[in-house]
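Chains as they are written, first to last, in the working numbering: chain A, 1 to 321; chain B, 322 to 642.
This is the structure we're talking about:
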């Protein structure tokens, strides 16, 4: 299957390249002396954040940055700060997976094809490693960025912390409340908007915050001027985020454990309400397709490069084709 | 027993007044519409953060603020921001207690005289409520402060996040590693420095960051000028923090469960190494006394009001008299 689009962006190649760039930056950050003792803690953190994720959130952040920033060169000084922000995003994503996998929650022994953190270490270490990763995500924005302004730093911390406390966490609480219970389309939409789309939206938005020229003292004004672009990115992020969850639900049914890298068919076994369970696989596909098309329409107003973000949106749906 | 000091500060009255002020501010913050749904989550958060703690960390932050700020009036506009910072500190402290109490860690059913969070709700809710509280602590500094500068906000977030990821969490990891194992004085000092003193030190430091006049654009320079004051506050905070842990260890042996508000004699039952276990109660008392005296000496150089901070240091040791 080719995922090349009309615009000739080889999105699989793009994803592979950027994943490599992101993994390299995360590895470099964690090679610092700050993350040696206690060994057990930082080993669990490294194990989890370097455990071969696809870095979809990170790539979306980078693509939003590249799509909004005028300086296209590889020497762009903001790229390092963008990569650090991506490290924060991936820390938050990974820690939410560690906690989701715990016995008192989804009780999953497998994550990305390897033992989940509480299996590789123990429950206490898994909880505490997740805790440290969350805090670290905010610290990195302050300590490991160089070019972005204080206003940008505060915006990014705020966007990410809200995506977590008012997105991922409420989403997981609702998800747990509805497991073992049938729920309707409205409920499943609420859950995916919180649990999945919130951080994807935040990732796109952070890329825009760094990419738009907001580094001067009058940053607050410029943020205002760029409100329309940021709004479009936000809507785009939410729509592809929900579509991403729909596709994930479909893949849980149609893929095997090895391909998924996590236990497949688990949703059904846990009696979890999913899109295909409620509206069927075909309707779910249609819904995801519609969301992706809407997301791409959002980009029309951007007045900036948007082929990249369109191709990434298309890629999400192509995962099931 | 009277805790009045030579300087006639009625420290018990001061603590009671400030605790009331802090509790009121936390209650007000959590009455916002942001913390309604999902009910289970925010009820667990409210249950934990409003569960009648002594607010020692908050009071120390307020005292450091009052001791470094020249405007003594009750109308001081920074006081609201200081109270919001205290709310963040208390959120971090409370969430660390929720996670410490979990079955996979200290497995404690009782906290501040009431069922611990995972007993009052369930384990998953307790883990997730703690997660949300940590993230919320940083959000509040950004969203619920008005007067402090962006530099001050970033400094406070950085101080608190580091106290957590490089203090509380490593401290709890070491504490768990040494439970069921005898450890020496060096190890127990490392643990109390991380697990207890890090957040107490951070609280004092945050009070200083807000109290010193650092709100102008040249804040970074002023931070530099005030480095000596902040260093003194930091040393003071670390010393009283370790003393606080020593006294806590002594009280765990000498008090009953009702007075403590948590299960007493638990350290011994869990074979935890504590100061009195390693060096005896008398030597522990002497060590705490020495640390408090040293902490008070640190204040001599402050060139600001320090009676308040001296009295609070004395109060910590008076808890066992």
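By construction, the Cβ of each residue, glycine as well, lies at the ideal position given by its N, Cα and C atoms.
A quick note: this is a predicted structure, and the numbers were derived from the prediction, not measured.
Contacts that residue i makes with chain B (C-beta to C-beta distance below 7 Å)
i, result
"residue 25 of chain A", "Under the 7 Å cutoff, chain B gives no residues; its nearest Cβ is about 19 Å from residue 25 of chain A."
"residue 157 of chain A", "459, 463 and 478"
Contacting residues, own chain, Cβ-Cβ under 6 Å from residue i (five flanking each side not counted)
i, result
"residue 419 of chain B", "369, 438, 447 and 451"
"residue 350 of chain B", "408"
"residue 180 of chain A", "271"
"residue 356 of chain B", "363"
"residue 237 of chain A", "200, 201 and 204"
"residue 211 of chain A", "65, 68 and 69"
"residue 55 of chain A", "19 and 22"
"residue 630 of chain B", "384, 388 and 620"
"residue 415 of chain B", "369 and 370"
"residue 641 of chain B", "568 and 571"
"residue 121 of chain A", "44"
"residue 96 of chain A", "168"
Assigned exposure category for residue i - 16 Cβ within 10 Å defines buried
i, result
"residue 474 of chain B", "buried"
"residue 522 of chain B", "buried"
"residue 289 of chain A", "exposed"
"residue 385 of chain B", "buried"
"residue 284 of chain A", "buried"
"residue 16 of chain A", "exposed"
"residue 619 of chain B", "buried"
"residue 282 of chain A", "exposed"
"residue 505 of chain B", "exposed"
"residue 13 of chain A", "exposed"
"residue 354 of chain B", "exposed"
"residue 228 of chain A", "exposed"
"residue 411 of chain B", "buried"
"residue 167 of chain A", "buried"
"residue 345 of chain B", "exposed"
"residue 52 of chain A", "exposed"
Sequence-distant residues of its chain with Cβ nearer than 7 Å to residue i (five each side left out)
i, result
"residue 244 of chain A", "196, 200 and 316"
"residue 453 of chain B", "362 and 366"
"residue 597 of chain B", "570, 571, 574 and 605"
"residue 553 of chain B", "619, 620, 622 and 623"
"residue 294 of chain A", "239"
"residue 156 of chain A", "85, 141, 206 and 209"
"residue 413 of chain B", "455, 458, 481, 485 and 520"
"residue 313 of chain A", "240, 292, 295 and 296"
"residue 627 of chain B", "388 and 620"
Close beta carbons around residue i, own chain, < 8 Å, minus the five adjacent residues each side
i, result
"residue 467 of chain B", "398, 401 and 402"
"residue 510 of chain B", "563"
"residue 426 of chain B", "420, 493 and 497"
Residue i: contacting residues in chain A (beta-carbon distance under 7 Å)
i, result
"residue 485 of chain B", "135"
"residue 490 of chain B", "41, 128, 131 and 132"
"residue 482 of chain B", "135, 138 and 139"
9 Å Cβ cut-off: residues of chain B touching residue i
i, result
"residue 105 of chain A", "444, 445, 448 and 449"
Per-residue contacts from residue i into chain A (C-beta, under 9 Å)
i, result
"residue 423 of chain B", "104, 123, 124 and 127"
"residue 414 of chain B", "Going along chain A, no residue has its Cβ under 9 Å from residue 414 of chain B, so there is no contact; the nearest lies around 13 Å."
Residue(s) in a DSSP beta bridge with residue i
i, result
"residue 432 of chain B", "B:435"
Chain A contacts from the stretch 446-457 of chain B (Cβ-Cβ distance under 9 Å): 446, 447, 448, 449, 450, 451, 452, 453, 454, 455, 456 and 457
Near-chain B residues of the stretch 136-155 of chain A - C-beta to any C-beta below 8 Å: 136, 138, 139, 142, 143, 150, 151, 153 and 154
Residues, ordered as in the chain, of the stretch 346-374 of chain B that lie near chain A by beta-carbon distance below 8 Å: 355, 358, 359, 361 and 362
Contacting positions in the stretch 492-522 of chain B - beta carbon closer than 8 Å to chain A: 493, 494, 495, 497 and 498
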